[in-house]
Each structure stands twice: as structure tokens, then as C-alpha cells.
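S.K.:
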Amino acid sequence: MAMQNSKTSITQQFGSYKPSKAILVWACVATAAATMIVGFNWGGWVTGGTSRTAAAAAADIARGELASAICVERFNAAPDAAAKLIEFKAITDGYKKRQFVEAGGWATMPGETAPDSRSVQGCATALAI
5 MAMQNSKTSI
15 TQQFGSYKPS
25 KAILVWACVA
35 TAAATMIVGF
45 NWGGWVTGGT
55 SRTAAAAAAD
65 IARGELASAI
75 CVERFNAAPD
85 AAAKLIEFKA
95 ITDGYKKRQF
105 VEAGGWATMP
115 GETAPDSRSV
125 QGCATALAI
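All residue numbers for the sequence shown refer to the working numbering, where the first residue is 5 and numbers rise by one.
#1: With 16 other CB atoms within 10 Å as the buried threshold, where does L131 fall?
#2: Which of the three DSSP states, helix, strand or coil, is assigned to M134?
#3: Should G126 and S72 be called a contact, given that it needs their Cβ atoms to be closer than 8 angstroms?
#4: Using only the alpha-carbon positions, how far apart do V29 and A62 sit?
#5: Quick check: the Cα distance between I74 and A38, rounded to an integer number of angstroms?
#6: Just to confirm, is the Cβ distance from G43 to R122 under 8 angstroms?
#7: State the DSSP-derived secondary structure class of S24, mapped to helix, strand or coil.
#8: On the three-state DSSP scale, how would you describe G48?
This is the structure:
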């Protein structure tokens, strides 16, 4: 019976509690801060600067992959592609393979004077397979 009275008493006390405006404001501030901490640390939220950096990096990678695919297509479309592929595969050094692709001009995109390093690397890797 005493347990029933204490539960009723706590429930009544909690129901009759009237927090001050200052306590409500600080509770809101603490909740907002906790939400931001959890969101940025574990929720995957990022700032605008971080998202712009990630988007720029993804665009560079995609541009390099596209240029690599174009390079491989240009290499295969060349009239002497079979002979060049044999010559390319005979090269063992990765740096010399990239130089071979650069010298062939397959990695240089229209409107550019020099190939992008990502496209050259990707093209050399794709051709080596």
C-alpha cells in the first residue's frame, strides 16, 4: 500500500511541476546542441564546404574515368591497334606504359594540349588487362 502512495505522489508531483522559462530555454539549447553533435559525428551530416570538396573530388574522378574510357576507345580504333597493343604489353615498367599512352596521343582530349594524369593512368591500366 505504501508503494502505491509513493507512485501516486511522484506522479502527482511530476504533473504539477512548472519549469521556469529559463529552464525551458536551456533545455531547448541543450537539445539543439546534442542534436548537432550526434548529427555531425554519427549521423553523416556535413557542412557546405565539406560537401563541395567531396563533389569536386567525385567530379575529378568521374572525369578521369570518362577520359580513360575514351582513351581506350581511341586506342582500339587506331588502324594499327593490334601491333600497338603488343608493343604496349611488352613494356614492363608502369611509368613507361604511361609515357607510351601519352606519346600516342590517345589520352589527350579534344581542345586540350596535354593529357590528364588520371586519364593516362586509367587508360594504361585498362589496356594492360
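From the three backbone atoms N, C-alpha and C, an ideal C-beta is built for every residue, glycine too.
The structure displayed is predicted, hence computed values, not measured ones.
M.R.: Based on what the coordinates show:
#1: Looking at its Cβ environment, which holds 16 or more other Cβ atoms inside 10 Å, L131 is buried.
#2: Because the chain in this structure spans residues 5 to 133, residue 134 falls outside the shown range and cannot be described.
#3: yes
#4: 42 angstroms
#5: 49 angstroms
#6: Using a Cβ distance threshold of 8 angstroms, G43 and R122 do not count as a contacting pair.
#7: coil
#8: coil
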